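Student: The structure is given below, and queries will be raised subsequently.
Residue numbers (the numbering used here): 2 to 585.
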């Protein structure tokens, strides 16, 4: 150092800069050595944790999962956890939730985060695993296959796939730069048209995943044929059909795309919005002859899925962990706290699943039509309201139901109530009410648009809307079938046939059917008929016409028992009456 200081050929300013650089380099080496230095128990200091919180992530990934993980991270903080392990076992789920959880983990105050792939982290699960500081994987475990798809595992058109991939590529590139993974390797989890070969620097031993262009640059010849990854092949992806951008740098990517984006434009968008600079070496002709081929990795027709062995070889996984005991040894923990989802979170997740939502829609429609066909019973409308609360309340809890969905549903119920109790017949108000409720139902399938628009402006949002409409039509069809079955077989169900008001149905062949009024023309009192109220109309009650008693609805106000009423409207759904004792 003294010789350098006395060397007149080195300017003083440059000498000071050189000294500062050497000091900074020494400090970094010391810090790295301290982090990597094993503790007395054999665990590196950067990983060592006495109190470990294990957050389980099992099953489909959705907005409920996001809120649950956030809640459990806050609990881990309050319990003074030194590390958080995310126990992942999932086929995937919504891309919106996967991206939100990825960013939630990266911003977690507890920075010592470990993903335990136990045994699978497919699709959305991979995004969660890549957010963590380290990844461990159970024997026989695997991760990957993160391409966006349409509902039903339908491949996306090229233009739409490019738009959907862009925010996902941005997320995996960010994860690679934060955690030290190879960017190209992680991108092959998302994009199906990436070919990769693993090469090694002969001088340094550093390994790198290169594409076809880089291979030709390094070796001056075409690469050998790639083969499918041994872990790949037919692994179903999760439902990535509701892409949205939850943070500003992803919003910019998402909103600026068009149908004509090229791979180069997507790469430019991804790079422009990255927070961290790439540490990947820039290859040139000067590197030719300094690398050797290790092995082909993935072809351009397959999404990458890495098994436990490949994850270790490729630098994704730091260890193989089979059980809780090995997990404790990996982090040197003395106390492990398992944080599971609550029963209410599990219930909401079930209620927002597609089969349950379709079933609730059928129950709601049957109950509603049942009530309109038999006013005054009360049980059907109670069932319909309960189904509606579950149908629209669960999406509201997950953040899928937006304000306009709720407004449409409430308006629909108001119009139906007016049709049932105030307006003669079943006309404009009733139809408008059903339409409003249907639109509100479809809206609960569409994640909030990043632009703030209440209309679905992206193709993926429109696909979600189509899925909602399809479910709605299926619900109407199934509801119609259920109503038909009810007309034919309702009285065979013990106990339920007691709800039938047989006096309303004078025809013997239909008297035992609860919904018989819907299966035939109106058979009650004709318009102009006069009867006597036998139970006060508030506004629904009962009146006697001749020898038969019928359910009727007062046109206005309350009509007391014993007063005469006149029929002003009659249909299979409703018999509307007015007070006949009032002056005409």
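No residue lacks a Cβ here, since even glycine has one placed at the ideal position from N, Cα and C. Since we're looking at a predicted model, the values are computed, not measured.
#1: Would you mind reading off the limits of the alpha helix (DSSP H) that contains residue 351?
#2: Compare the Cα-Cα distances from residue 168 to each of 191, 205, 547, 180 and report the closest residue.
#3: Of the choices 431, 334, 139, 71, whose alpha-carbon is the least far from that of residue 319?
#4: Could you tell me which residues DSSP puts in a beta bridge with residue 135?
#5: Sorted by chain position, which residues of the same chain lie with C-beta nearer than 7 angstroms to residue 292's C-beta, five sequence neighbours on each side aside?
#6: Decide yes or no for the touch test of the segment 101-115 against the segment 133-148: beta carbon pairs closer than 8 angstroms, at least 3 of them.
#7: In angstroms with no decimal places, state the Cα-to-Cα distance between residue 174 and residue 353.
#8: With 16 as the cutoff for other CB atoms within 10 Å, does residue 233 come out buried or exposed?
#9: Here's the rule: buried if 16 or more other CB atoms are within 10 angstroms of the residue's CB, otherwise exposed. What is residue 368?
#10: Does the pairing of the segment 316-336 with the segment 433-442 give three or more beta-carbon distances under 8 angstroms?
#11: Can you tell me the Cα-Cα spacing of residue 306 and residue 210, whole angstroms?
#12: Express the C-alpha separation of residue 212 and residue 146 in angstroms, rounding to a whole number.
#13: At the level of alpha carbons, what is the spacing between residue 57 and residue 392?
#14: Is it the case that the Cβ atoms of residue 476 and residue 390 are separated by a distance below 9 angstroms?
#15: What is the rounded straight-line gap between the Cα of residue 570 and the Cα of residue 537?
#16: Out of 579, 115, 123, 474, which has the shortest C-alpha to C-alpha gap to residue 86?
#17: With residue 220 as the anchor, note down where its alpha helix (DSSP H) starts and where it stops.
#18: Which of the three DSSP states, helix, strand or coil, is assigned to residue 550?
#19: Along the chain, where does the alpha helix (DSSP H) containing residue 330 start, and where does it finish?
#20: Please classify residue 81: does DSSP put it in a helix, a strand, or coil?
#21: Per DSSP, which one or two residues make a beta bridge with residue 201?
#22: If distances are taken between C-alpha atoms only, which option among 349, 187, 83 comes closest to residue 124?
#23: List the residues that DSSP assigns as beta-bridge partners of residue 144.
#24: Would you report the Cα separation of residue 384 and residue 365, rounded to the nearest angstrom?
#25: Measuring alpha carbon to alpha carbon, tell me which residue in 473, 196, 335, 288 is nearest residue 296.
#26: On the DSSP bridge list, what partners appear for residue 355?
#27: I'd like to check one pair, residue 554 with residue 531: are the Cβ atoms closer than 9 angstroms?
#28: Given residue 88, which residues of its chain have a CB within under 6 angstroms of its CB, disregarding the five upstream and five downstream residues?
#29: Can you tell me which of the three DSSP states residue 485 falls into?
#30: Ignore the nearest five residues each way along the sequence and tell me which others in residue 473's own chain have a CB closer than 8 angstroms to its CB.
#31: I think residue 129 touches residue 103, with their Cβ atoms under 8 angstroms apart; what is that distance to the nearest whole Å?
#32: Between which two residues does the beta strand (DSSP E) containing residue 579 stretch?
#33: Which term fits residue 121, buried or exposed, when burial requires 16 or more other beta carbons within 10 angstroms of its beta carbon?
#34: Would you decide whether residue 336 is buried or exposed? Buried here means 16 or more other CB atoms lie within 10 Å of its CB.
#35: Please report the distance separating the alpha-carbon of residue 394 from that of residue 539.
Tutor: A quick look at the data gives this:
#1: Per DSSP, residue 351 belongs to the alpha helix (DSSP H) from 344-352.
#2: Among 191, 205, 547, 180, the Cα nearest to that of residue 168 is on 191.
#3: With distances taken between Cα atoms, residue 319 lies closest to 139.
#4: Within the DSSP secondary-structure output, residue 135 pairs in a beta bridge with 115.
#5: Excluding its 5 nearest sequence neighbours in each direction, residue 292 has C-beta neighbours in its own chain below 7 angstroms: 200, 201, 202, 203, 219, listed in chain order.
#6: The segment 101-115 is in contact with the segment 133-148.
#7: Straight across, the Cα-Cα distance linking residue 174 with residue 353 is about 32 angstroms.
#8: Caution is warranted here: a pLDDT of 39 is assigned to residue 233, below 50, making its placement in the model unreliable, and the coordinate value is therefore given only provisionally. Around the C-beta of residue 233, 16 or more other C-beta atoms lie within 10 Å, and the residue is accordingly described as buried.
#9: So residue 368 counts as buried.
#10: The segment 316-336 vs the segment 433-442: no contact.
#11: Just so you know, the alpha carbons of residue 306 and residue 210 end up roughly 15 angstroms apart.
#12: Distance between the alpha carbons of residue 146 and residue 212 is about 18 angstroms.
#13: Whole-angstrom Cα-Cα distance: 27 angstroms.
#14: For residue 476 and residue 390, no; Cβs fall outside 9 angstroms.
#15: In a straight line, the C-alpha of residue 570 is about 19 angstroms away from that of residue 537.
#16: Taking the Cα of residue 86 as reference, the smallest distance to any Cα among 579, 115, 123, 474 is reached at 115.
#17: Run containing residue 220: 213-220, per the alpha helix (DSSP H) assignment.
#18: For residue 550, the three-state secondary structure derived from DSSP is strand.
#19: For residue 330, the uninterrupted alpha helix (DSSP H) segment begins and ends at 325-332.
#20: Residue 81: coil per DSSP, three-state reduction.
#21: Beta-bridge pairing by DSSP links residue 201 to 208, 293.
#22: Comparing Cα-Cα distances from residue 124 to each of 349, 187, 83, the minimum goes to 187.
#23: 122, 307, per the DSSP bridge assignment.
#24: When rounded, the separation of the alpha-carbon atoms in residue 384 and residue 365 is 7 angstroms.
#25: The candidate whose alpha carbon is nearest that of residue 296 is 196.
#26: BP columns for residue 355 are empty, so no partner.
#27: No. Outside cutoff.
#28: Taken in chain order, the residues that qualify are 55, 57, 117, 119.
#29: In the three-state scheme derived from DSSP, where H, G and I count as helix and E and B as strand, residue 485 is classed as helix.
#30: Excluding residues within five positions, the ones whose Cβ falls inside 8 angstroms are 362, 439, 442, 443.
#31: Right, their Cβ atoms sit about 6 angstroms apart.
#32: Per DSSP, the unbroken beta strand (DSSP E) holding residue 579 starts and ends at 576-580.
#33: Around the beta carbon of residue 121, 16 or more other beta carbons sit within 10 angstroms, so the residue counts as buried.
#34: That one is exposed.
#35: Approximately 30 angstroms, taken between the alpha carbons.
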